[in-house]
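Letter by letter, the sequence shown follows residues 665 to 873 of the working numbering. Every residue, glycine too, gets a C-beta built ideally from N, C-alpha and C. Please read these numbers as outputs of a predicted model, since none were measured by experiment.
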Amino acid sequence: MAHAEAYKDPGTPDEQSRRTFMANAVIALGGVIGLGIAVPLVASLFPAAGASNDQWSSLSPDEADAFKKATNQPVRITFHVHEENGYLGGADLDEFVWGVKATEDQLKAERPELYTGDDKLPYPAVNMGFVIFSPICPHLGCKYAWNQQQNKFLCPCHGSVYSELGKHEAGPALRGLDPLPLREYQGKVQITWIEYKFNSPQLIVQKVG
Ligand code: FES
């Protein structure tokens, strides 16, 4: 049989079912391997609350004080992130996050997706009576801001609107605001900087610390 003809030949029923079995086995094996890699990756990405590693950035004593006194309005909290760069070496960058007073029950009621299913956070979203939001708009990465008149977080780039607890209410973003880990450790208030993928309904980690 010529090569082209042999290629088109579907084979006997026995050969066909053997091929189907092999194809299914390869797909199933791929799934098992994928799961085996994905689970440890997810578990190891986030720093443990008691770990003294450099994925945690400390607030200055003044910032920590102002943060603890914050009451009924979201507060903008500045802190330093240490970044290692192949060209420039280590650098300390100023970053900020938003802190909103909340209880676990309030957040659960307004953002149930953070507690169940695929987007269940692998760290506590409420700590020290606050939820901390990444300042990066989950649509395409602009910095949104709190609007006191409207009582909403508004993104200036394409008009996404979020409630005080970060629920997506309007505009093109595909998910709500992203909570970040917070802890009080050896007298310091610390935050872990995490960048999640833009424009995705799921929380997909791009960078930690
Ligand atoms: S980047 Fe915020 S709405 Fe587009």
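Can you tell me where the beta strand (DSSP E) holding ALA834 begins and where it ends? 832-834
Does the beta carbon of ALA766 fall short of 8 angstroms from some heavy atom of ligand 1? no
Between ILE858 and the rest of its own chain, which residues show a CB-CB distance below 6 angstroms, the 5 nearest in sequence each way excluded? Same-chain partners within the cutoff: LEU844 and VAL872.
Does the beta carbon of GLY835 fall short of 8 angstroms from some heavy atom of ligand 1? yes
Helix or strand or just coil, what does DSSP make of PRO738? Looking at PRO738 - three-state DSSP - the assignment turns out to be coil, as it is neither helix nor strand.
Length of the line joining the Cα atoms of ALA837 and CYS819: CA-CA distance, ALA837 to CYS819, rounds to 10 angstroms.
Out of GLN814, LEU804 and GLU833, which has the shortest C-alpha to C-alpha gap to ASN863? LEU804
Is there contact here, the segment 720-728 with the segment 770-790, by at least three beta-carbon pairs under 8 angstroms? No, they do not touch.
Pull up the DSSP beta-bridge partners for ARG847, would you. GLN854
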